[in-house]
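**Student:**
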Amino acid sequence: MPCLNLSTNVSLDGVDTSSILSEATSTVAKLIGKPEAYVMIVLKGSIPIAFGGTEQPAAYGELVSIGGLGPDVNKKLSAAIASILETKLSVPEVTILPQVLRCQGFQLWMEWIYFLNSMLLLG
Numbered sequence: 004m005p006c007l008n009l010s011t012n013v014s015l016d017g018v019d020t021s022s023i024l025s026e027a028t029s030t031v032a033k034l035i036g037k038p039e040a041y042v043m044i045v046l047k048g049s050i051p052i053a054f055g056g057t058e059q060p061a062a063y064g065e066l067v068s069i070g071g072l073g074p075d076v077n078k079k080l081s082a083a084i085a086s087i088l089e090t091k092l093s094v095p096e097v098t099i100l101p102q103v104l105r106c107q108g109f110q111l112w113m114e115w116i117y118f119l120n121s122m123l124l125l126g
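Straight run, no breaks: the sequence shown in the working numbering ends on number 126.
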């Protein structure tokens, strides 16, 4: 399941977050070739972020996916998500830092198993 985590220092009060989530979902699904039903978008606002030493509107995005990613797709994803954030939240494209993480399925399971084992040891 591809998951796009978006954090911004812009307040989401009064913002139509549903349209951002919907547009981001369809964009990610289309560009990486996954069904929309498997795409998750997490949008967090009012997060303290400084970019280039200032607190002007900025955003950080992190996409994790098993497959569907590569240099060309990553560029298209970064540009498309930046465009959504610039249009919907007035975050300048130059202050959006994207990170795309491609992982193998077993990596996610290994991290989940490690997490569960840690919780059992602490609990």
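C-beta: ideal position from N, C-alpha, C; glycine also.
For clarity, every value in this text was computed on a predicted model and none was experimentally measured.
1) Is the CB-CB distance between Ile-99 and Ala-61 below 8 Å?
2) In or out: Ala-40 buried (at least 16 other Cβ within 10 Å) or exposed?
3) Give me whichever residues DSSP pairs with Asn-77 in a beta bridge.
4) If Leu-46 and Leu-80 are in contact, beta carbons under 8 Å, what's the gap, nearest whole angstrom?
5) What is the DSSP secondary structure of Ala-83, reduced to helix, strand or coil?
6) Within 10 angstroms of its Cβ, does Ser-10 collect 16 or more other Cβ (buried), or is it exposed?
7) Give the DSSP-derived three-state secondary structure of Ala-53 in the structure shown.
8) Can you have a look at Ile-50 and say buried or exposed, based on whether 16 or more other CB atoms are within 10 angstroms of its CB?
9) Identify which residue in Gly-64, Glu-58, Ile-87, Gly-36 has its Cα closest to the Cα of Glu-26.
10) What would DSSP say about Val-31, mapped onto helix, strand or coil?
11) Report back the beta-carbon spacing between Glu-89 and Asn-8 to the nearest angstrom; my notes put them in contact at under 8 Å.
12) Within 10 Å of its beta-carbon, does Thr-30 have 16 or more other beta-carbons around it, so buried, or fewer, so exposed?
**Tutor:** A quick look at the data gives this:
1) yes
2) exposed
3) None, per the DSSP bridge assignment.
4) Leu-46 to Leu-80, Cβ: 16 Å. No contact.
5) Correct three-state label for Ala-83: helix.
6) buried
7) coil
8) exposed
9) Ile-87
10) helix
11) Actually they do not touch by this definition, with Cβ atoms about 18 Å apart.
12) buried
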